[in-house]
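Below is one structure, written out as structure tokens; comments come after it.
In the UniProt record's numbering, the protein residues as written are 1 to 152.
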């Protein structure tokens with residue numbers, strides 16, 4: 001009897017579940033993520049053309065500029081709308097990091113600058129920073145060992 005009830009419940013739940021447009025969501029994420037990356041490439045090209053940067057040295061300023069733009073758009077409430085439209089297409093590029101930092105700060109600003117903003121600004125982005133620093137350390141360590149051994 002209980003097994004029949006479970007089967008009927010699942011059938012009723014499945015009948016009322018909204019079908020997600022997976023392909024449409026994937027296409028939107030791909031296009032928006034690609035657009036963000038294209039803008040980043042344009043920033044890199046502008047840095048190379050108008051400032052004394054090379055292809056090797058323009059990467060860090062490009063990342064900083066893109067994160068700054070996403071933080072600015074988050075502050076004006078525009079990046080959330082983009083995120084609702086594009087999903088992972090706006091969260092996966094580095095601009096998603098800037099959005100995560102500022103969103104946490106905005107969400108907790110009513111608790112004060114120190115305990116609210118300061119205590120929660122890196123709530124989501126803190127793990128990204130920690131694992132980014134750790135992975136960079138280990139990659140640099142491996143590269144140093146390989147250089148000392150003469151492999152590279």
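Think of the CB as a built atom: it goes at the ideal place given N, C-alpha and C, for glycine as much as any other residue. Small disclaimer: the values here were computed from a predicted structure and weren't measured.
With respect to the alpha helix (DSSP H) encompassing residue 126, which residues constitute its N-terminal and C-terminal limits? On the chain shown, position 126 is the one that residue 126 refers to. Here the alpha helix (DSSP H) through residue 126 covers 125-149.
Answer with buried or exposed for residue 130, where buried requires no fewer than 16 other C-beta atoms within 10 angstroms of its C-beta. The residue given as residue 130 occupies position 130 in the chain shown. That one is exposed.
Whole runs of the beta strand (DSSP E) within the segment 41-94, excluding any shorter than 3 residues: none
Pick from 143, 93 and 101: whose alpha carbon is nearest that of residue 72? By one-based count along the chain shown, residue 72 stands at place 72. The shortest C-alpha separation from residue 72 is found at 101.
Inter-residue spacing [alpha-carbon to alpha-carbon] between residue 99 and residue 4: For the purposes of this step, residue 99 is taken as residue 99 along the chain shown, with counting starting at 1. For the purposes of this step, residue 4 is taken as residue 4 along the chain shown, with counting starting at 1. Going by the C-alpha atoms only, they are around 47 Å apart.
Spatial neighbours of residue 36 in its chain, beta-carbon cut-off 8 Å, leaving aside the 5 residues before and after: For the purposes of this step, residue 36 is identified with residue 36 of the chain shown, where counting begins at 1. These residues qualify, in order along the chain: 66, 89, 90, 93 and 95.
With three or more C-beta pairs closer than 8 Å as the rule, is the segment 33-50 touching the segment 79-89? yes
Classify residue 18 as helix, strand or coil using the three-state DSSP reduction. As a position in the chain shown, residue 18 is number 18, starting the count at 1. Of the three classes helix, strand and coil, the one that applies to residue 18 here is coil, per DSSP.
With 16 other Cβ atoms within 10 Å as the buried cut-off, status of residue 136: For the purposes of this step, residue 136 is taken as the residue at position 136 of the chain shown. Exposed is the call here.
Would a C-beta distance cut-off of 9 Å place residue 121 and residue 105 closer than the cut-off? Residue 121 sits at position 121 when you count from the first residue of the chain shown. Residue 105 sits at position 105 when you count from the first residue of the chain shown. Closer than 9 Å, so yes.
Measure the Cβ-Cβ separation of residue 128 and residue 85 and say whether it is below 9 Å. Against the chain shown, residue 128 aligns to sequence position 128. Against the chain shown, residue 85 aligns to sequence position 85. No, they are not a contact pair.
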